[in-house]
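Heads up: the structure comes next, in C-alpha cells.
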Amino acid sequence: MIPSVLPTYNRAPLSFVKGEGSWLIEADGRRFLDLGAGIAVNALGHAHPALVKALTDQAQTLWHVSNLYQIPQQQALADKLVEATFADTVFFTNSGTESCELAVKMARKYWYDKGAPDKTDIITFTGSFHGRSSAGIAAAGSEKMTKGFGPLLPGFRHLDWRDLDGLKEALDDSTAAVLLEPIQGEGGIRPLPDDELKAIRALCDAAGCLLILDEVQCGMGRTGRLFAHEWAGITPDIMMVAKGIGGGFPLGAVLATEEAASGMTAGTHGSTYGGNPLGCAVGCAVMDQIADPDFLDAVNRKAGLLRQKLEGLVAAHPEIFEEVRGSGLMLGLKCKAPNTDVVAAGYDALVITVPAADNVIRLLPPLTLTEEEIDAALARLDSAAQQLETA
Ligand SMILES: Cc1ncc(COP(=O)(O)O)c(C=O)c1O
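Using my numbering, the first residue of the sequence shown is number 1214, and each one after it goes up by one.
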C-alpha cells in the first residue's frame, strides 16, 4: 500500500524533534552535529534568537495579506537586497523552483518586448539543478529528472559544464539567456573558477544575451561573500535566490537589473504567498546578520579552518576520501567509498552530511558554526571514516 506521504524520498530513519544552533536532537535524545543545515537552508543555525523573535513578533501582528496591497516587510527586504547587490528590483517567491520559473519567464519576456520574440533559448549545463518544476527539470535536462515527465518545456539547450568553447559556438540569435550555478550544488560541489565566470559574462555580452545566475544554494553568505558571483567581480542580469534567505522559513527571490526586469509589468506575474509578511520579516532578520561584513569575515575565517582540517581528514583516510572541493562553507568531499555509505556512517557518528552527484558528500553547515564545532565535526567525520575502514 502506498505510504500516506508520497514516497518520492528515500528517507533516513531519523526523526528530529528540536534544533539548537548547529545541533539537531533526535526523538531518542541523540544530538547530531548538523553539517547539512537542511541543504543550505538553516544559514543561521536552528532557532537563532533574532529569527525566532522576528517570526513570533510578526506572527502576533499579521500573517498574510495579498500582494494586492502594500506589504511593508516585503518593501524593507527588497530595499535591503537592492542596497546590498547588483539588483534594482526584487520579486519574492516561496522556493528556488519558483525563482527558476520567474527567471526564465523574465528573460523571455525581455526579448519579446525588445522585438525579438524568437530569442527564447536558455543555455544550461550538465550537472545543474534548478528545481523540480517543468521549467526546472527541462533546464537541468538530466534523464534522472526528466524521464517519464515529457513533453518537456522546450527551449533549453544543454552544454557540458565548463565547456566555454562549446558555449561560444552555441550562442546565437535564438539565445535569450545563459543559466548556471556559480557552484553546482546537487551536481557535486563543482565550482566554476572566477576567470571562467568572467569569461561567460563577457561571452553573454558579446552575443547580446542575458546571464541568469542560480544562487539558490551558493548564495546568502555561503561562500563568504553575500553572493558567490562577487568573488569573480561580475554581476548577472537576473539571479535566483532561496534557501538561506529565509533561514528555514520558506522564502525565495528573483533579483534583477531594471533593464532585465523591464518586461515584467503589472499583471505579468504573481504569487499568493510570495513576499508574505512572515517570510519577509524573517528575511529581514537574516539579511541584517548575513550582510554584515564582520559576519562574512567570520565565515571566511571558519571556512579556511574547516577546509584545512578536511584536507587532513582526506590525507588520513585515502581509501575513503579523494579530495576536498568547494568554496567557503559550501564544501564537498569527493569519496572513494560510496558516498551514501559515508553519509550513513556519519549518522552512526552523530554527524549529518548530505550526498550529492559525482560520489560527493556535501558539508553545508550553519554559517554560525563555531571553532569548537569544527573540531567536533572533524572528530565525528574521522570516526565515520574509521568505521568504514574497519567494516
Ligand atoms: C541551485 C538550486 N536551484 C534551485 C533549487 C530548487 O529550490 P527549491 O527546492 O527551494 O525549490 C535548488 C534546491 O536544491 C538548488 O540547489
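Idealized CB from N, CA, C, for every residue including glycine.
Beta-bridge pairing of residue i - partner residues as DSSP gives them
i, result
"methionine 1210", "Absent from the structure is residue 1210, since the part of the chain shown begins at 1214 and ends at 1604."
"proline 1568", "Ile1574"
"lysine 1388", "Residue 1388 is actually threonine in this sequence, not lysine. Threonine 1388 is bridged to Asp1334."
"lysine 1357", "Answer is none; lysine 1357 lacks a bridge partner."
"valine 1537", "Leu1546"
"phenylalanine 1229", "Glu1239"
"histidine 1371", "Thr1337"
"proline 1404", "Ile1396"
"glycine 1234", "His1259"
"aspartate 1247", "Ile1565"
"phenylalanine 1462", "Gly1460"
Backbone CA spacing between residue i and residue j [nearest angstrom]
i, j, result
"alanine 1511", "glycine 1517", "10 Å"
"alanine 1570", "glycine 1400", "5 Å"
"glutamine 1379", "alanine 1557", "Here the sequence assigns glycine to residue 1379, which means glutamine is not the residue at that position. Looking at the two C-alpha atoms, the distance is approximately 39 Å."
"arginine 1520", "alanine 1351", "34 Å"
"leucine 1464", "alanine 1455", "6 Å"
"leucine 1577", "alanine 1256", "9 Å"
"leucine 1563", "phenylalanine 1229", "12 Å"
"glutamate 1535", "tyrosine 1560", "20 Å"
"threonine 1566", "threonine 1581", "16 Å"
"arginine 1514", "lysine 1360", "43 Å"
"histidine 1418", "glutamate 1584", "Note that residue 1418 is aspartate in the sequence shown, not histidine. Approximately 43 Å, taken between the alpha carbons."
"alanine 1389", "arginine 1438", "28 Å"
"leucine 1523", "leucine 1591", "7 Å"
"aspartate 1331", "tyrosine 1323", "11 Å"
"leucine 1426", "alanine 1260", "29 Å"
"serine 1341", "leucine 1392", "9 Å"
"leucine 1423", "arginine 1321", "10 Å"
"glycine 1457", "aspartate 1588", "24 Å"
"isoleucine 1252", "glutamine 1430", "8 Å"
"proline 1506", "serine 1347", "38 Å"
"glycine 1480", "serine 1355", "33 Å"
"glycine 1258", "arginine 1224", "22 Å"
Own chain, CB closer than 7 Å to residue i, minus 5 neighbours either side, in chain order
i, result
"asparagine 1552", "Pro1568, Asn1572, Val1573, Ile1574"
"arginine 1370", "Asp1334, Ile1336, Ala1383"
"alanine 1291", "Val1303"
"lysine 1231", "Ile1238"
"tyrosine 1610", "Only positions 1214 to 1604 of the chain appear in the structure, and residue 1610 is not among them; the question remains open."
"glycine 1539", "Ile1396, Ile1402, Pro1404, Gly1545"
"tryptophan 1444", "Asp1407, Thr1436, Arg1438"
"glutamate 1586", "Ser1235, Leu1246"
"valine 1254", "Lys1456, Gly1457, Gly1461"
"lysine 1549", "Glu1532, Ile1533, Phe1534, Glu1535"
Contacting residues, own chain, Cβ-Cβ under 6 Å from residue i (five flanking each side not counted)
i, result
"alanine 1598", "His1530, Ile1533"
"lysine 1293", "Met1500"
"phenylalanine 1440", "Glu1428, Gly1432"
"glycine 1349", "Thr1310, Cys1313, His1343"
"phenylalanine 1245", "Leu1237, Leu1563, Ile1565"
"aspartate 1247", "Ser1235, Leu1237, Ile1565"
"alanine 1606", "Coverage of the chain is limited to positions 1214 through 1604, which leaves residue 1606 absent and any answer about it impossible."
"alanine 1263", "Ala1498"
"asparagine 1489", "His1277"
"phenylalanine 1338", "Leu1372, Trp1374, Leu1393"
"alanine 1353", "Ser1341, Phe1342, His1343"
"methionine 1477", "Met1319"
"tyrosine 1325", "none"
Own chain, CB closer than 8 Å to residue i, minus 5 neighbours either side, in chain order
i, result
"phenylalanine 1508", "Gly1434, Gln1502, Leu1580"
"serine 1308", "Gly1344, Ala1455, Pro1463, Gly1465"
"alanine 1267", "Ala1494, Val1495, Cys1497, Ala1498"
"glutamate 1409", "Arg1375, Leu1377"
"lysine 1381", "Leu1416"
"arginine 1593", "Leu1246, Gly1559, Ala1562, Leu1563, Val1564"
"isoleucine 1413", "Leu1377, Leu1380, Val1391, Leu1393, Leu1405, Leu1424"
Residue i beta carbon near ligand 3 (any heavy atom closer than 8 Å)
i, result
"alanine 1256", "Among the ligands in the structure shown, ligand 3 does not appear; only ligand 1 can be found there."
Self-check item: Complete runs of the beta strand (DSSP E) confined to the stretch 1410-1437 [at least 3 residues]
Solution: The qualifying runs are 1423-1427.
Quiz item: Which whole runs of the beta strand (DSSP E) in the stretch 1251-1321 are 3 residues long or more, in chain order?
Solution: Runs of the beta strand (DSSP E) inside the stretch 1251-1321: 1302-1306.
Self-check item: the stretch 1430-1449 contacting the stretch 1297-1315, beta-carbon criterion three pairs below 8 Å
Solution: Yes, they touch.
Quiz item: Are the stretch 1274-1290 and the stretch 1486-1500 touching, with three or more C-beta to C-beta distances below 8 Å?
Solution: Flag = yes, the stretch 1274-1290 and the stretch 1486-1500 touch.
Quiz item: Pairing CB atoms from the stretch 1397-1411 with CB atoms from the stretch 1534-1548, are three or more of them under 8 Å?
Solution: Yes: at least three Cβ pairs fall under 8 Å.
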